[in-house]
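Residue numbers (the working numbering): -7 to 332.
For each residue, glycine too, the CB sits at the ideal point set by N, CA and C.
All remarks here apply to the structure that follows.
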Amino acid sequence: MPVPFGTDALPPLSRAAADRDETARTDAAAVAFETDPDARVLVLSEGRSLLALSVDGAAPALALLAPDAVPDAVLRGYLGRIPASADAGAHAEADADAEADADKRMPTRPVEVRILTAEQATALEPDATRWASLREASGLGPLDAGLFTQSLALANWHASFGFCPTCGAPSEPVQRGWARRCTNEGKLLFPRTDPAVIVLVVDDADRVLLGSNAMWEANRYSLLAGFVEAGESLEQAVVREVAEEAGVVVDSLEYVASQPWPYPASLMLGYVARVTAAEAERARPDGEEILQVRWFAREQLATASADVALPGRASIARWMLERWYGGDLPDGLPWTRRSA
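What follows is the structure, encoded as structure tokens:
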């Protein structure tokens, strides 16, 4: 059965509606982009994107600008094609169009991201309130959230691979931002994604186990998570991470969904893992990465939300929690880092 993209059936950053149009990642297409009246540009600077001006309390949307409105950029990346109705103030309509037009025969326009320095960004738009991070812009529609996620992932990859990992020579962007070429050996480098598992652990009473990371404030809780190690399957990673962080052995597990998380280059793979009642009593934090673990029944989590910081709404952790809870959870306290 096809997954209904653009709906709550998927985590918030997994509902992208753009066509990545990989065949247009050529120099000729880049030249044509500059004179295409339908072309649009998303701008990014220091992990923040420019938002469109809000009209009558409308939901936030990315500012999509004409190419000649954007100054010279540090880096450009082709994102693909989006519905032609996608423009400032029309993103909700574009999301609806993208969902309804399964045969992809509707008019589209090309869009790329341009990475700006802080100075270039200020010159383009000095109002700091119009620049937002992906975490802050959790109200974006599926189309915009997907473009922002893709842009940030590309930007972070380029920032990490300015030099060839084999010989150390400088590398240069090619293929409209989707590869880098070693200037010494000509070797092509491509964006990589780091798989990580994120686990909603439940016991026989259907309580959920949440942990507080050593880098967070003591009242901040989320699902258990960790990177997949070399030579390890996803299922093995789930069992290992839960045992390492909370001291319990998983009885069974089930894959739920995935979501890109470009901080800097993760793909979060969500699982529900079940433990027996006897095993649940053994839950203990590892004392290093996780300092506290707590079991929450649904009513306990709803009541505690005023005193507990829960994952942000752009995260798969929040989506999985609310899927288990059966509805929206209150936002609770803001997230902060533990003092040194």
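- Query: Within 10 angstroms of its Cβ, does Met98 collect 16 or more other Cβ (buried), or is it exposed?
  - Reply: exposed
- Label Ala90 either buried or exposed according to how many other C-beta atoms from any shown protein chain fall within 10 Å of its C-beta, with 16 as the threshold for buried. Low confidence applies to Ala90: its pLDDT is 49, below 50, so where it sits in the model is not reliable, and the reading given next is rough at best. Looking at its Cβ environment, which holds 16 or more other Cβ atoms inside 10 Å, Ala90 is buried.
- Task: For Thr175, I'd like the list of residues in its chain whose CB is within less than 7 Å of its CB, leaving aside the five on either flank, ordered along the chain.
- Result: If we look at Thr175 and ignore the five residues flanking it on each side, its Cβ neighbours are Ala161, Pro162, Ser163 and Glu164.
- Thinking C-beta only, is Pro303 closer than 8 Å to Ala294? no
- Per DSSP, which one or two residues make a beta bridge with Gly218? Val189
- Task: Could you tell me the boundaries of the beta strand (DSSP E) in which Arg40 lies?
- Result: Arg40 to Leu42
- Query: Leaving out five residues before and five after Glu337 in sequence, what residues of the same chain have Cβ atoms less than 8 Å from its Cβ?
  - Reply: With the chain covering only -7 through 332, there is no way to say anything about residue 337.
- Starting from the C-beta of Arg168, find all residues in its chain whose C-beta is less than 6 Å away, skip the five residues before and the five after it, and write them out in chain order. Result list for Arg168: Arg17, Ala22 and Tyr70, in chain order.
- DSSP-derived helix/strand/coil call for Asp11: strand
- Message: Looking at the secondary structure, which residues open and close the beta strand (DSSP E) in which Leu5 lies?
- Response: Where Leu5 is concerned, there is no enclosing beta strand (DSSP E), given that its DSSP letter is neither H nor E.
- Message: Output needed for Gly218: all residues of its chain with C-beta closer than 6 Å, excluding positions within five of it in sequence on either side, in chain order.
- Response: Within the same chain, Gly218 has close Cβ partners Glu233.
- Quick one: give me the first and last residue of the alpha helix (DSSP H) that Thr291 is part of. With the sequence shown as reference, residue 291 is identified as Glu, and Thr is not the correct amino acid for it. From DSSP, the alpha helix (DSSP H) with Glu291 extends over Arg290 to Ala296.
- Residue burial classification, Pro(-6) (beta-carbon count within 10 angstroms, cutoff 16): With a pLDDT of only 46 at Pro(-6), under the threshold of 50, the placement of this residue in the model should not be trusted, and no figure is reported.
- Query: Any idea which residues DSSP pairs Asn369 with across the strands?
  - Reply: In the structure as shown, the chain begins at -7 and stops at 332. Residue 369 is therefore absent and cannot be evaluated.
- For Ala289, which residues of its own chain have a beta-carbon under 6 Å away from its beta-carbon, when the five flanking residues on both sides are left out? Arg199
- Count the other CB atoms within 10 Å of the CB of Asp48; is the residue buried (16 or more) or exposed (fewer)? exposed
- To which residues does DSSP link Arg122 through a beta bridge? For Arg122, which the question treats as bridged, DSSP gives no partner whatsoever.
- Neighbourhood of Leu283 by C-beta distance below 6 Å, restricted to the same chain and skipping five residues each side: Ser204, Ala206 and Pro277
- Item | C-alpha gap between Asp30 and Leu181, whole angstroms | 31 Å
- beta strand (DSSP E) segments (min. 3 residues) lying fully within the region 229 to 254: 244 to 253
- Since Thr100 sits in a beta bridge, which residues does DSSP pair it with? Pro75
- Could you check what DSSP says for Asp93 in three-state terms: helix, strand or coil? For Asp93, the predicted structure reports a pLDDT of 45, less than 50, and the residue's modelled location is therefore unreliable. The matter cannot be settled from this model.
- Task: Below 6 Å CB to CB, which residues in the same chain sit around Trp253 once its five sequence neighbours on both sides are set aside?
- Result: The residues are Met260.
- Task: Mind checking which residues open and close the beta strand (DSSP E) that includes Glu128?
- Result: Unbroken run through Glu128: none, as it is neither H nor E.
- Message: Measuring only from the beta carbon, is Ala44 closer than 7 Å to any heavy atom that is part of the ligand ATP?
- Response: The ligand ATP is not among the ligands present in this structure, which contains no ligands whatsoever.
- Query: Among the residues of its own chain, which have a CB less than 7 Å from the CB of Glu26, if the five just before and after it don't count?
  - Reply: Pro59
- Query: Between which two residues does the beta strand (DSSP E) containing Tyr263 stretch?
  - Reply: Ser258 to Arg266
- For Ser297, collect the residues of the same chain with a Cβ closer than 8 Å to its Cβ; drop the 5 residues on either side in sequence, then sort them by chain order. Leu321, Pro322, Asp323 and Gly324
- Message: Less than 8 Å between C-beta atoms, sequence neighbours within five positions excluded: which residues of the same chain meet that for Ser335?
- Response: In the structure as shown, the chain starts at -7 and stops at 332, and residue 335 therefore has no counterpart that could be examined.
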